[in-house]
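Residue numbers (numbering that gives the first Met the number 0): 0 to 508. One structure is given here, and the rest of the page talks about it.
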Amino acid sequence: MSMPPMPVDTSILPSLKEDLAARPRQLFINGEFVDAQSGETFDVIDPATGKVFAQSAAGDAADVDAAVKAARKRFDSGAWSGMPPARRARIMTKLADLIEANASRIALTETLDNGMPLMMGYFGGVMAASETLRYNAGWATKINGETFTPSHPGEFHAYTSREPVGVVGGIVPWNFPFVMGVAKMAQALAAGCTIVLKPAEQTPLSTAILGELVAEAGFPEGAVNIVTGFGKTAGAALVEHPLVDKISFTGSTVTGKQIVHACTGNLKRVTLELGGKSPVIIFADADLSKAIPSAAMGIFGNAGQVCAAGSRLFVHESVRDEVLAGIAGIAKSLKVGSGLDPATQMGPLVSDAQFARVTGYIESALAEGASIHTGGEKASVEGSEGGYFIQPTVLTDTRPGMKAVEEEIFGPVLSTMTFGDDDLETVAAAANNTQYGLNASVFTRNIYNGLKMAKRIRSGMVNINGAGGGPDPAMPLGGFKQSGWGRENGRAGVEAFTEIKSVTVNLNE
Ligand code: ADP
0 MSMPPMPVDT SILPSLKEDL AARPRQLFIN GEFVDAQSGE TFDVIDPATG
50 KVFAQSAAGD AADVDAAVKA ARKRFDSGAW SGMPPARRAR IMTKLADLIE
100 ANASRIALTE TLDNGMPLMM GYFGGVMAAS ETLRYNAGWA TKINGETFTP
150 SHPGEFHAYT SREPVGVVGG IVPWNFPFVM GVAKMAQALA AGCTIVLKPA
200 EQTPLSTAIL GELVAEAGFP EGAVNIVTGF GKTAGAALVE HPLVDKISFT
250 GSTVTGKQIV HACTGNLKRV TLELGGKSPV IIFADADLSK AIPSAAMGIF
300 GNAGQVCAAG SRLFVHESVR DEVLAGIAGI AKSLKVGSGL DPATQMGPLV
350 SDAQFARVTG YIESALAEGA SIHTGGEKAS VEGSEGGYFI QPTVLTDTRP
400 GMKAVEEEIF GPVLSTMTFG DDDLETVAAA ANNTQYGLNA SVFTRNIYNG
450 LKMAKRIRSG MVNINGAGGG PDPAMPLGGF KQSGWGRENG RAGVEAFTEI
500 KSVTVNLNE
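The following block contains the structure:
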C-alpha cells in the first residue's frame with residue numbers, strides 16, 4: 000500500500016507534549032476556560048505507551064449545571080438561534096478554517112490521546128471535522144417548513160416551521176473524539192441550538208483545542224460549552240439536567256439504554272448512535288480484489304474501534320479459502336505500532352480496559368469452539384512495551400450463539416461464517432440474525448443481487464462493493480434495531496435538532 004505524503008507537521012510534537020504535561024486541560028464554559036469547581040483532574044493515558052502524559056479537568060454535576068445554564072441563557076437570549084442564518088453559517092465556516100489552520104496540533108493530540116495512526120487523525124479527524132462543519136453550515140440557510148391546505152370548510156393558510164429544539168447535550172465516545180464532537184456540534188448549531196459537549200474520559204484533549212477555536216471563531220459566549228469528565232458523573236448530570244432539551248449520544252448500546260431511562264424526567268428528545276455487529280457478505284462472483292481489502296480494513300481500521308466495523312464475515316464457500324487467505328495476508332502485513340510512527344497502519348486499543356475486553360472475547364470464542372486463523376495475541380511493538388497493542392485477528396469455526404459473534408467487540412476481531420447456497424433470503428436471514436442493524440457490506444458483480452440484498456438487510460447503512468471511505472456528512476448515519484434511534488448527518492441529522500411547529504391561519508373574515 001503506498002501512502003500519500005504526511006500532511007502533519009510533526010516538528011511541533013515536543014512542544015505540544017511539553018505543553019500537555021505542563022498544565023491540565025480545562026473546561027470551556029460560557030466562553031471561558033475554567034477548572035472544575037471541585038479542583039479535581041484526571042489522568043490521560045497514551046495508549047501506545049500505557050503512560051500518563053496529560054491531565055484534564057474532572058467536571059461533575061456542578062460544572063455541568065454551570066455549562067447548561069450558560070447554554071440555556073444563550074439559547075433563550077436568541078443571540079444564536081435568532082442570528083441571521085447566513086451569519087451563523089459564516090461563523091461555522093470560520094471555525095472550519097481555524098480547524099484546518101490548526102490541523103497538525105489537533106491530529107497529533109488525537110493520536111497521542113486515542114492512539115490512532117496520525118494519517119487517520121488528520122483525514123478521519125481534522126479534515127472530516129472541517130468538512131462536516133462546512134456541510135452543516137450550508138444547512139443553516141436551508142432549514143425550512145412546508146405549506147398545507149387544510150380540509151376544513153373555508154379559507155386557510157397553513158404551514159409548518161422548524162425551530163431549534165433548544166439546549167443540546169452532546170455525549171461522544173473515544174474512538175473518533177474530535178470529529179464526533181464537531182459533528183454533533185455542527186448539526187446542533189446549524190439548527191440554531193446551543194450545546195454542552197461531553198467528550199469521553201479516555202480522550203478529552205482534542206476538544207480542549209476545539210474550545211479555543213470556538214472562542215476565536217466568534218460564536219456568542221455559551222453557544223458551545225465543553226465539559227470533560229466521567230460518564231457516571233458529568234455524563235449522568237447532563238442527561239438528567241432539567242434545562243437540557245435533547246441528548247445526542249454516540250456510544251455503547253448498554254449506556255444508550257441507561258441514557259434513555261435518565262431522559263424520562265423532562266422527556267428530553269434523544270437520538271442514539273450505538274453499537275453494531277455488521278455483516279460483510281461476499282458472494283462467489285465478487286471482485287475479490289475489492290472485497291478482500293475492504294473486508295480487512297472494515298474490521299482492522301482504527302483497530303476495529305468503529306461502530307460500523309464489518310465484524311461478521313459471510314463468505315460463499317467456493318471463495319472462502321481465497322478470501323480468508325487474502326484477509327489473513329493483510330492482517331499479517333499490517334504494521335501495528337504507535338500512531339506517531341508514520342509507517343503505522345494500525346494503532347493500539349484505546350485503554351487497558353478495552354484491551355482486556357477484546358482479549359476476553361477472543362478467549363471466550365476459543366472456549367466455545369472457535370479457532371484462530373490469524374492473530375489473537377498481544378502484538379509486540381518495539382519501544383512501546385506498555386502499549387495496548389493487539390494483532391489483527393480472524394476467527395474461524397465461529398457460529399451464531401457464540402458471545403464473540405453476538406456481541407460488539409470493538410476491536411480488530413473478525414468472525415467468519417460460510418454459506419453454500421445462493422438463496423438471497425437465506426443469506427439475508429443469516430446477516431440479519433443480530434440484535435444490531437447499523438451497517439452492512441455486500442460484494443457481488445451481480446447488481447440485481449446487490450440491490451436485492453440492500454432491500455433485505457435490516458440496517459441503517461448498506462454498501463455494495465465497498466463504502467469508499469468514512470462517513471459522508473451528507474449521508475444519514477444510524478441504525479435499525481438496537482443500533483440506535485434516529486439519524487445523524489444529511490438533512491435528517493440537522494432536522495433531528497429541530498421541533499416542527501404547525502401554524503394554521505384562519506382567513507375567513
Ligand atoms: P465505553 O463503554 O466504550 O466507554 P460508553 O458508551 O460507556 O462507551 O461511553 C460513551 C460516552 O458516554 C462517554 O463520553 C462516556 O463518558 C459517556 N457515558 C458513560 N456512561 C454514561 C452515563 N451513565 N450517562 C451519560 N453518559 C455516560
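Every residue, glycine too, gets a C-beta built ideally from N, C-alpha and C.
Of the residues L423, P13, N431, which one's Cα is nearest the Cα of N536?
A question about residue 536 goes unanswered here, because the residues of the chain that appear run from 0 up to 508.
Which word fits M0, buried or exposed, when buried means at least 16 other C-beta atoms lie within 10 angstroms of its C-beta?
Note that M0 scores a pLDDT of 48, beneath 50, so its modelled location is shaky; the value from the coordinates is reported in the next line. By the 10 Å Cβ count, M0 comes out exposed.
Please report the straight-line C-alpha distance between P46 and V349, rounded to a whole angstrom.
Whole-angstrom Cα-Cα distance: 5 Å.
For H156, count neighbouring C-beta atoms within 10 Å of its own C-beta (all shown protein chains included) and say buried if the count is 16 or more, exposed if not.
The residue is exposed, with fewer than 16 neighbouring Cβ atoms inside 10 Å.
Taking 7 Å as the limit between beta carbons, can you name the residues of its chain near I90, skipping five residues before and five after?
Once the five neighbours on either side are set aside, the close Cβ partners of I90 are A216, G217, F218.
Between R490 and the rest of its own chain, which residues show a CB-CB distance below 7 Å, the 5 nearest in sequence each way excluded?
Here the set comprises nothing.
For the alpha helix (DSSP H) containing G168, list its first residue and its last residue.
Taken as a continuous stretch (DSSP letters only), G168 belongs to no alpha helix (DSSP H), being part of the beta strand (DSSP E) at 166 to 170.
Distance check for S317 and A95, CA to CA, integer angstroms please.
Each residue's Cα considered, the two are about 48 Å apart.
Can you list, in chain order, the residues of its chain with a C-beta nearer than 6 Å to that of V7? Leave out the 5 residues immediately preceding and following it.
Once the five neighbours on either side are set aside, the close Cβ partners of V7 are S103, A106, L117, Y121.
Please give the ranges of any alpha helix (DSSP H) in the region 31 to 80, keeping only runs that are unbroken, at least 4 residues long and fully inside the region.
Annotation: the region 31 to 80 contains the following complete segments of the alpha helix (DSSP H) (minimum length 4 residues), in chain order: 60 to 76.
From which residue to which residue does the beta strand (DSSP E) around A378 run?
Careful: A378 lies outside any beta strand (DSSP E) and carries neither H nor E.
Starting from I225 and walking both ways along the beta strand (DSSP E), at which residues does that stretch end?
For I225, the enclosing beta strand (DSSP E) has its first and last residue at 223 to 225.
Counting only beta-carbon separations shorter than 7 Å, does A95 have a partner in chain B?
Here there is only one protein chain, and chain B is not present.
Tell whether a beta-carbon distance below 7 Å holds between V63 and V226.
Going by beta carbons, V63 and V226 fall inside the 7 Å limit.
Starting from the N-terminal side, write out each stretch of the alpha helix (DSSP H) that is 4 residues or longer and does not extend beyond the region 305 to 390.
When DSSP assignments are scanned along the region 305 to 390, the uninterrupted stretches of alpha helix (DSSP H) that are 4 or more residues long and fall wholly within it turn out to be 319 to 332, 351 to 366.
Would the beta-carbon of W411 be found less than 6 Å away from any heavy atom of the ligand ADP?
The sequence given here places Pro at residue 411; Trp does not occur at that position. No, the Cβ of P411 stays beyond 6 Å of every heavy atom of the ligand ADP.
Candidates E376, D351, D396: which alpha carbon is nearest A364's?
Residue D396 is the option with its Cα nearest to A364.
In terms of DSSP beta bridges, what is F442 paired with?
Secondary-structure assignment with DSSP links F442 through a beta bridge to I281.
Does any heavy atom of the ligand ADP sit closer than 6 Å to the C-beta of P172?
P172 has its Cβ nearer than 6 Å to a heavy atom of the ligand ADP.
Cβ of V238 within 6 Å of any heavy atom in the ligand ADP?
Yes, the ligand ADP has a heavy atom inside 6 Å of this Cβ.
Roughly how many angstroms lie between the CA atoms of A308 and N448, to the nearest whole one?
Computed Cα separation, rounded: 22 Å.
Alpha helix (DSSP H) containing Y134: first to last residue?
Residues 127 to 139.
So, is M184 buried or exposed, given that buried needs 16 or more other C-beta atoms within 10 angstroms?
M184 comes out buried.
Rounded straight-line distance, which links the Cα of K276 to that of E406:
So the alpha carbons of these two residues sit roughly 7 Å apart.
Which residue's Cα is closest to the Cα of L413: L212, K451, I280?
Residue I280 holds the alpha-carbon nearest to the alpha-carbon of L413 among L212, K451, I280.
Output needed for D112: all residues of its chain with C-beta closer than 6 Å, excluding positions within five of it in sequence on either side, in chain order.
Correct list, in chain order: T202, L204.
Spatial neighbours of S207 within its chain, please: CB distance less than 6 Å, with the 5 preceding and 5 following residues excluded, ordered by chain position.
Inspection of the sequence shows that residue 207 is occupied by Ala rather than by Ser. If we look at A207 and ignore the five residues flanking it on each side, its Cβ neighbours are R24.
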